[in-house]
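Heads up, the thing below is written out as structure tokens.
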Amino acid sequence: MPATVPTETAGTAILLATLQNLDTPYFLASVVHTAATLTKHKLTIVLFSRFFNVQHQGLTYSETLAVSHTARSSWNDVQKLLTYVYVQATKTAQEMGKVLMDIDILLKGLNDDHLEADLESLVSELGVEVVFRISGDSIATPLPPSVGALRTAYLPAGGHPLSPGSYSMLSQPTSEATTPVLSRTATAKSGDDVTLSSIVEQPPFYPVVALGGTFDHLHPGHKILLSMGAWIASEKLIVGVTSSNLLTKKPNAHLVEPLEVRMQNVRDFLNRFKKGLELYIVELNDVYGPTGWDPNVQALVVSRETISGAKEIATHRAAKDFPPLELFVIDVISATNHNLDHEDAGWLKDMKLSSTFIRAWIAERDAKEEGKLKEAESPSAEGEKN
Numbered sequence: 001m002p003a004t005v006p007t008e009t010a011g012t013a014i015l016l017a018t019l020q021n022l023d024t025p026y027f028l029a030s031v032v033h034t035a036a037t038l039t040k041h042k043l044t045i046v047l048f049s050r051f052f053n054v055q056h057q058g059l060t061y062s063e064t065l066a067v068s069h070t071a072r073s074s075w076n077d078v079q080k081l082l083t084y085v086y087v088q089a090t091k092t093a094q095e096m097g098k099v100l101m102d103i104d105i106l107l108k109g110l111n112d113d114h115l116e117a118d119l120e121s122l123v124s125e126l127g128v129e130v131v132f133r134i135s136g137d138s139i140a141t142p143l144p145p146s147v148g149a150l151r152t153a154y155l156p157a158g159g160h161p162l163s164p165g166s167y168s169m170l171s172q173p174t175s176e177a178t179t180p181v182l183s184r185t186a187t188a189k190s191g192d193d194v195t196l197s198s199i200v201e202q203p204p205f206y207p208v209v210a211l212g213g214t215f216d217h218l219h220p221g222h223k224i225l226l227s228m229g230a231w232i233a234s235e236k237l238i239v240g241v242t243s244s245n246l247l248t249k250k251p252n253a254h255l256v257e258p259l260e261v262r263m264q265n266v267r268d269f270l271n272r273f274k275k276g277l278e279l280y281i282v283e284l285n286d287v288y289g290p291t292g293w294d295p296n297v298q299a300l301v302v303s304r305e306t307i308s309g310a311k312e313i314a315t316h317r318a319a320k321d322f323p324p325l326e327l328f329v330i331d332v333i334s335a336t337n338h339n340l341d342h343e344d345a346g347w348l349k350d351m352k353l354s355s356t357f358i359r360a361w362i363a364e365r366d367a368k369e370e371g372k373l374k375e376a377e378s379p380s381a382e383g384e385k386n
């Protein structure tokens, strides 16, 4: 079909695209930019790939095409992929003043029996108005009739002006000191017991995975953390949401969302990202959360900045004779990470993918609006009217 680029905007839109591999999808850059430009409030990007195929017993051909969700290589590839696409969409939205625009990225396999029904539900739930597709992209799975009935814009794929090698992530941490991984054999009685994992074979998933965060004004940085936790969990994801009592010293703390709102936003996103996963979302009043009392947790997902908390959890669990946790580190969204050479790294280091930035933007916006209101109500303004 010819590339048809709409000129009007839509409140809610969905972008559908196929990935042939897990390399950084530079070909999506212009497509994501256009979709984010023409969407006002909510953009959902659904990426289809055989590498995301559903794995049950691993006996069918389609299941064998799926990557292991816990292998370090695919873990790195997926978080890098999510980061690249989220950054392209978020940068575009912020440059247009749409700081509060809601952006989701969902990963879908081609053999999911529930995919058609899930997309139907998603389109209905979100009230999608426009579908963005890539010209020539024949998605190899049935799409629901509701998608075909929507106004559809076919966009030409376009690479990023930077060369493919300019956005790279190291396959291994730069040093054991900066990115430790808790091994299954670590006793975690001291800092020296936190070592790089030497496990050669890992299960494709872990039954129960835990992570935590503030999740204030849920943004792409949070969503990458939540997505990667759900990515490696097969049965249950435990999410600790920081208590409001622990956030009173945050910048613009009065704009921190209530705990109930933050928890519900986490639940809603995870239900869109991975339906069927049991969610245990709890208030977090200390560094441990459920990992401090539940021995039935196998893996922990953290950002680079919160590795120190992972060490405390390891020590605490060792004292209780709980099994050690396999640690997975979200590295590419760190403000101080060493794994991004792309120009987007500078943007990330300016904290443009943070709740602090969003609250500061809201505070500035509110102050400007209050100033305009006071000016309109001032005696001089009234005199000018008369």
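Residue numbers are given in full-length UniProt numbering: position 163 of the sequence shown equals residue 163, and the series is strictly consecutive. Here a beta-carbon is modelled for each residue, glycine too, at the ideal position from N, C-alpha and C.
Just how far apart, CA to CA, sit residue i and residue j?
{"i": "residue 71", "j": "residue 366", "result": "46 angstroms"}
{"i": "residue 316", "j": "residue 215", "result": "24 angstroms"}
{"i": "residue 162", "j": "residue 123", "result": "The predicted position of residue 162 is uncertain, since its pLDDT is 32 and thus under 50; no value can be drawn from it."}
{"i": "residue 149", "j": "residue 14", "result": "13 angstroms"}
{"i": "residue 53", "j": "residue 18", "result": "13 angstroms"}
{"i": "residue 184", "j": "residue 67", "result": "Its pLDDT being 35, under 50, residue 184 is placed unreliably in this model, and the value from its coordinates should be taken loosely. About 22 angstroms."}
{"i": "residue 406", "j": "residue 237", "result": "Since the displayed the chain opens at 1 and closes at 386, residue 406 lies outside it and no answer follows."}
Can you tell which of the options has its C-alpha closest to the C-alpha of residue i?
{"i": "residue 269", "options": "45, 34, 33 and 319", "result": "45"}
{"i": "residue 121", "options": "68, 226 and 273", "result": "273"}
{"i": "residue 217", "options": "306, 100 and 248", "result": "100"}
{"i": "residue 281", "options": "251, 211, 254 and 220", "result": "211"}
{"i": "residue 41", "options": "137, 78 and 103", "result": "103"}
{"i": "residue 298", "options": "259, 63, 75 and 323", "result": "323"}
{"i": "residue 388", "options": "111, 22 and 62", "result": "Outside the shown range of the chain, which is 1 to 386, sits residue 388, and nothing can be said about it."}
{"i": "residue 235", "options": "256, 207 and 362", "result": "207"}
{"i": "residue 37", "options": "24, 96, 25 and 76", "result": "96"}
{"i": "residue 321", "options": "312, 295, 9 and 305", "result": "295"}
{"i": "residue 326", "options": "232, 26 and 119", "result": "232"}
Who pairs with residue i in a beta bridge, going by DSSP?
{"i": "residue 10", "result": "39"}
{"i": "residue 242", "result": "284"}
{"i": "residue 84", "result": "Its beta-bridge partners do not exist; DSSP assigns none."}
{"i": "residue 154", "result": "133"}
{"i": "residue 108", "result": "48"}
{"i": "residue 237", "result": "209 and 279"}
{"i": "residue 102", "result": "42"}
I'd like to check one pair, residue j with residue i: are the Cβ atoms closer than 8 angstroms?
{"i": "residue 229", "j": "residue 209", "result": "yes"}
{"i": "residue 242", "j": "residue 127", "result": "no"}
{"i": "residue 247", "j": "residue 131", "result": "no"}
{"i": "residue 79", "j": "residue 224", "result": "yes"}
{"i": "residue 48", "j": "residue 98", "result": "no"}
{"i": "residue 221", "j": "residue 28", "result": "no"}
{"i": "residue 303", "j": "residue 330", "result": "yes"}
{"i": "residue 135", "j": "residue 154", "result": "yes"}
{"i": "residue 244", "j": "residue 261", "result": "no"}
{"i": "residue 204", "j": "residue 69", "result": "yes"}
Verify the CB distance criterion: does residue i have a CB-CB separation below 8 angstroms to chain C?
{"i": "residue 259", "result": "The chain inventory of the structure shown lacks chain C, comprising one protein chain alone."}
* To do: Determine contact between the segment 143-151 and the segment 73-83, defined as no fewer than three beta-carbon pairs at a distance below 8 angstroms.
  => no
* Asked: For the 8 angstroms Cβ check, are there 3 or more pairs between the segment 284-295 and the segment 260-275?
  -> no
* To do: Would you be able to state if there are at least three C-beta pairs under 8 angstroms between the segment 280-289 and the segment 304-321?
  => yes
* Is the segment 84-98 close to the segment 247-266, with three or more CB pairs under 8 angstroms? -> no
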